[in-house]
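Novice:
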Amino acid sequence: MKITLETVEYVAGLARLNLSEKEKEIMSSQMGDILDYMDKLNSIDTIGVPPLEHVEHMTNIFREDVVKDSFDREQILANAPDKDAGAFRVPKIVE
Amino acid sequence: MDLRKLTIKTTAKALREKEISAVELTENFIKRIENVDSKIDSFVLVCREKAISDAKVAQIHLDNDEGNVLTGIPMAVKDNMCTKGITTTCSSHMLENFTPSYSSTAVENLQNDGAVLLGKLNLDEFAMGGSTESSYIKKTKNPWGLKRVPGGSSGGSAAAVASGQAIFSLGSDTGGSIRQPASFCGVVGLKPTYGTVSRYGLVAFASSLDQIGPITKTVEDSAIVLNSISGKDQLDATSVNSGVGDYTEGISGGVKGMRIGIPKQYLAEGVAPGVSENVKLAIREYEKMGAVCEETSLELADYAIAAYYIISSAEASSNLARYDGIKYGYRSSNFKNLIELYKNTRSEAFGAEVKRRIMLGTYVLSSGYYDAYYKKALQIRTLIKDEFDGLFNKFDCILGPTAPTTAYNIGEMADDPLQMYLGDVFTVSVNIAGLPAISIPCGLDEIGLPVGMQLIGKAFGEKTILRAAYAYEQEHPFALAPEVTA
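In structure tokens form, the structure reads like this:
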């Protein structure tokens, strides 16, 4: 399958990645090869087969709603690249 | 004292009998790391002071006849498990300076049992890879040949144990990342049934496939570590109490009458002769010990890799969306608005393999391709699980090689990701079906590199595969890796 540079750019946008021209070219050829390989799955008939998202049969589990201590603000902010007044700092998003 | 030979079992005895103190033992290991790890490059961080102070606490417990078999035992863990107050890098530029405010449950359980954390071990960036070459920090070498890869992604975990720099380690396994490096480095690696070990504090790669497990020198040590790390955890809703009890119990029961299935696809073309010959010898050994070995078939074996790379990349693209340069981790200094901040942060701090998986995952989940790839892979997942379920009606365990080759040269696969993915052919289906599997050493190939054999069990059938692995190991104990000279 051919993965065009336009497709690479579109997917990179969805994934919030900037790729250099060289990266785009490598990505286009490698993704093409890998997706070609994945096409082998089409030789198996899966009509009516339910998809398995998770191996466990999960049922809802209730627990008591107990109030517990959580992390304190300073701990949570300790790894933030930018912070101010006890909050994460981000670029202005509303003009 | 040759640290390479120490097992949990023998060391625990030496500590109880006061042949050595926990502090001396930890100091010896730190000295060894300082002497040999410049050659192996398995550690990304050594916690010198903390290890010594933890060893002192362990010694108090030992002196009071408290604690258990893990008290005072030096260990190391893969650097994708959070350790409170100790940087957890995932071997990525993204998390290079990330210091968690909590510890992963598995690590905490071991520390509560008195195991002493020596440091954090190298991995492929975010555990994506099979050679530890995609680490942002360093390339780990195989103790059996320093020009060779240790396997991956838990390459640091396997290399550290094989070179006697820790008595045991923890790895994580999403598609073979414990078993394949264990195979390449000649040690024992166990991937437990999905849900057996809490994933709380394990940096997520593919949440429906990831499991933490032990890398050890012996099968019994593997069971000992599993006893400590397994169990229901309120902090991981997918963790379960398997109700299996003590994993060491019955381990020496032997394999008389055990039914072992050998899928013919596991010894077909494409498996290196040095690997298939040793695995065939092991099969004969099992027959001698009274097991009933029979050829069988896993028709879908050949489709597992494609399904795996679709599912794991899809989950990874979603899980890694959290790295946005805001809450923690790297942030680009080059941005004019929020979207640029996201894009430049992620582009500057993720390596090539991580970007490739995010791109693949985003593609297979994107509108128009979701049904063709992602849903299709989940349907194949159902069929793979059903096929295994069918085999376990007939067999107690499934045997084959862990990997189609032994350790290859550093750089050999660097430009061909697909070729590297194909090396996961025998391991990924186990994660897809959520089963337990163990890799144990079974001889050396023609150039003296370790071969690994994999035993796969049914869900929560750890005790069966441990018993089978233990029986083989009694006849063929682990071989020491060549000494590394500094």
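These protein sequence lines are chains A and B, in that order.
So my numbering is basically just the index in the first sequence, starting at one, shifted up by 5.
So my numbering is basically just the index in the second sequence, starting at one, shifted up by 1.
A virtual CB, placed ideally from N, CA and C, is assigned to each residue, including glycine.
In this text, all values refer to a predicted model and were calculated from it rather than measured experimentally.
#1: Contact check, residue 44/B vs residue 451/B under 8 Å by CB: the rounded distance?
#2: Going by C-alpha distance, which of 123/B, 21/B and 370/B is nearest residue 39/B?
#3: What's the call for residue 153/B, buried or exposed, on a 16-neighbour Cβ count within 10 Å?
#4: Which same chain residues end up closer than 8 Å to residue 273/B when comparing Cβ atoms and leaving out the 5 residues on each side of it in sequence?
#5: Can you tell me which of 63/B, 23/B, 363/B and 262/B puts its alpha carbon nearest to the alpha carbon of residue 75/B?
#6: Quick check for students: name the residue ranges of the alpha helix (DSSP H) that lie wholly in the region 390–417 of chain B, counting only runs of 4 or more.
#7: With distance defined between alpha-carbon atoms, name the residue in 235/B, 331/B and 437/B nearest to residue 70/A.
#8: What are the boundary residues of the alpha helix (DSSP H) that residue 263/B is part of?
#9: Would you say residue 149/B faces chain A, with C-beta separation under 7 Å as the test?
#10: Could you give the uninterrupted runs of the beta strand (DSSP E) lying entirely in the region 143–227 of chain B, keeping only those of 3 residues or more?
#11: Comparing alpha-carbon positions, which option in 467/B, 119/B and 4/B lies nearest residue 50/B?
#12: How should residue 284/B be labelled, buried or exposed, when 16 other C-beta atoms within 10 angstroms of its C-beta is the threshold for buried?
#13: Which residues share a DSSP beta bridge with residue 296/B?
#14: Suppose you measure from the CA of residue 145/B to the CA of residue 483/B; what does that come to, to the nearest Å?
#15: Give the interface partners of residue 345/B over in chain A, defined as CB-CB distance under 7 Å, in chain order.
#16: What is the residue span of the beta strand (DSSP E) that residue 440/B lies within?
#17: Near residue 318/B, which residues of its chain fall below 6 Å by C-beta distance, leaving aside the five closest residues on each side in sequence?
#18: Just the chain B side, please: which residues come within less than 8 Å of residue 19/A by C-beta, in chain order?
#19: Does residue 251/B come within less than 7 Å of chain D when only Cβ atoms are used?
#20: Taking 7 Å as the cut-off, decide whether the C-beta atoms of residue 71/B and residue 252/B are in contact.
#21: Excluding the five sequence neighbours on either side, which residues of its own chain have a C-beta within less than 7 Å of the C-beta of residue 138/B, listed in chain order?
#22: Residues of chain A with CB under 9 Å from residue 214/B, in chain order?
#23: So that I know if they touch, is there some Cβ in chain B lying closer than 7 Å to that of residue 84/A?
#24: Determine, using beta carbons only, whether residue 338/B and residue 345/B come nearer to each other than 7 Å.
#25: May I ask which residues mark the beginning and end of the alpha helix (DSSP H) holding residue 490/B?
#26: For residue 85/B, which residues from the same chain have a beta carbon less than 8 Å from its beta carbon, with the 5 sequence-adjacent residues on both sides left out?
#27: Which residue marks the beginning of the alpha helix (DSSP H) containing residue 30/B, and which one marks its end?
#28: Please confirm whether residue 392/B has its beta-carbon closer than 7 Å to some beta-carbon of chain A.
#29: Assuming the contact rule is C-beta atoms closer than 8 Å, residue 28/B and residue 53/B should be a hit. Round their C-beta distance to whole Å, please.
#30: Using only alpha-carbon positions, find the residue among 111/B, 340/B and 229/B that is nearest to residue 99/A.
#31: Along chain B, in chain order, which residues have C-beta atoms closer than 7 Å to that of residue 58/A?
#32: Residue 482/B by DSSP, collapsed to three states: which one?
#33: According to DSSP, is residue 231/B helix, strand or coil?
#34: Only counting the same chain, and skipping five residues up and downstream in sequence, which positions put a Cβ closer than 8 Å to that of residue 352/B?
#35: Helix, strand or coil, according to DSSP, for residue 89/A in the structure here?
#36: I'd like to know whether the C-beta of residue 231/B is nearer than 7 Å to at least one C-beta of chain A.
Specialist: According to the structure shown:
#1: Taking the second sequence and counting its residues from 1, the one referred to as residue 44/B is at position 43. Taking the second sequence and counting its residues from 1, the one referred to as residue 451/B is at position 450. In fact, because the Cβ distance is near 21 Å, the residues do not count as touching under 8 Å.
#2: Position 38 of the second sequence, counted from the first residue, corresponds to residue 39/B. Ranking the options by Cα distance to residue 39/B, first place goes to 123/B.
#3: Along the second sequence, read from residue 1 onward, the residue named residue 153/B stands at position 152. By the 10 Å Cβ count, residue 153/B comes out buried.
#4: In the second sequence, residue 273/B corresponds to position 272, counting from 1. The answer, listed in chain order, is 405, 406, 407 and 446.
#5: In the second sequence, the residue the question calls residue 75/B occupies position 74. Per the Cα distances, 23/B.
#6: none
#7: Within the first sequence, residue 70/A is the residue found at index 65, counting from 1. It is 235/B.
#8: Counting from one through the second sequence, the residue named residue 263/B turns up at place 262. Counting along the chain, residue 263/B falls outside any alpha helix (DSSP H), though it belongs to the beta strand (DSSP E) covering 260–264.
#9: Counting from one through the second sequence, the residue named residue 149/B turns up at place 148. No, residue 149/B lies away from the interface with chain A (no Cβ there is under 7 Å from its Cβ).
#10: Counting whole runs of 3 or more residues, the region 143–227 of chain B contains the beta strand (DSSP E) stretches 169–174, 189–192 and 212–217.
#11: In the second sequence, residue 50/B corresponds to position 49, counting from 1. Closest by alpha carbon: 119/B.
#12: For the purposes of this step, residue 284/B is identified with residue 283 of the second sequence, where counting begins at 1. Per the 10 Å Cβ criterion, buried.
#13: Walking along the second sequence from the start, residue 296/B turns up at place 295. Under DSSP, residue 296/B takes part in a beta bridge, and its partners are 263/B.
#14: Taking the second sequence and counting its residues from 1, one reaches residue 145/B at position 144. Taking the second sequence and counting its residues from 1, one reaches residue 483/B at position 482. If I take the Cα positions, the gap works out to 6 Å.
#15: Sequence index remark: in the second sequence, residue 345/B carries index 344 (1-based). Under the 7 Å cutoff, chain A gives 23.
#16: Translated into positions along the second sequence, residue 440/B becomes position 439. That run of the beta strand (DSSP E) goes 438–445.
#17: Numbered from 1 along the second sequence, position 317 holds the residue referred to as residue 318/B. Excluding residues within five positions, the ones whose Cβ falls inside 6 Å are 359, 362 and 363.
#18: In the first sequence, the residue the question calls residue 19/A occupies position 14. Going along chain B in sequence order, the residues near residue 19/A (Cβ under 8 Å) are 363 and 367.
#19: Judged by its chain identifiers, the structure shown contains no chain D, and its protein chains are A and B.
#20: By one-based count along the second sequence, residue 71/B stands at place 70. By one-based count along the second sequence, residue 252/B stands at place 251. With a cutoff of 7 Å on beta-carbon distance, residue 71/B and residue 252/B are scored as not near each other.
#21: As a working note, residue 138/B is residue 137 in the second sequence. Closer than 7 Å at Cβ, skipping near neighbours: 45, 90, 92 and 123.
#22: In the second sequence, counting from the first residue as 1, residue 214/B sits at position 213. Under the 9 Å cutoff, chain A gives no residues; its nearest Cβ is about 16 Å from residue 214/B.
#23: For the purposes of this step, residue 84/A is taken as the residue at position 79 of the first sequence. Taking Cβ atoms only, chain B reaches closer than 7 Å to residue 84/A, which makes this a yes.
#24: Here residue 338/B refers to the residue found at position 337 of the second sequence. Here residue 345/B refers to the residue found at position 344 of the second sequence. Not closer than 7 Å, so no.
#25: In the structure as shown, chain B starts at 2 and stops at 487, and residue 490/B therefore has no counterpart that could be examined.
#26: Taking the first residue of the second sequence as 1, we reach residue 85/B at position 84. Closer than 8 Å at Cβ, skipping near neighbours: 101, 102, 103 and 104.
#27: Stepping through the second sequence from its first residue, residue 30/B is reached at position 29. That run of the alpha helix (DSSP H) goes 23–41.
#28: The sequence position of residue 392/B within the second sequence is 391, counting from 1. Residue 392/B does not count as touching chain A.
#29: For the purposes of this step, residue 28/B is identified with residue 27 of the second sequence, where counting begins at 1. For the purposes of this step, residue 53/B is identified with residue 52 of the second sequence, where counting begins at 1. Between residue 53/B and residue 28/B the Cβ distance is about 7 Å, and since that is below 8 Å, they are a contact.
#30: Along the first sequence, one-based indexing puts residue 99/A at 94. Selected option, being the one with the closest Cα: 340/B.
#31: On the first sequence, position 53 is the one that residue 58/A refers to. Near residue 58/A (Cβ distances below 7 Å), the residues of chain B are 209 and 379.
#32: In the second sequence, the residue the question calls residue 482/B occupies position 481. Three-state result, residue 482/B: coil.
#33: In the second sequence, counting from the first residue as 1, residue 231/B sits at position 230. The answer is strand: DSSP assigns residue 231/B an E or B state.
#34: In the second sequence, counting from the first residue as 1, residue 352/B sits at position 351. Hits under 8 Å: 93, 94, 126, 135 and 137.
#35: Reading the first sequence from its first residue, position 84 is the one you call residue 89/A. Looking at residue 89/A - three-state DSSP - the assignment turns out to be strand.
#36: Taking the second sequence and counting its residues from 1, the one referred to as residue 231/B is at position 230. No, because no Cβ of chain A sits closer than 7 Å to the Cβ of residue 231/B.
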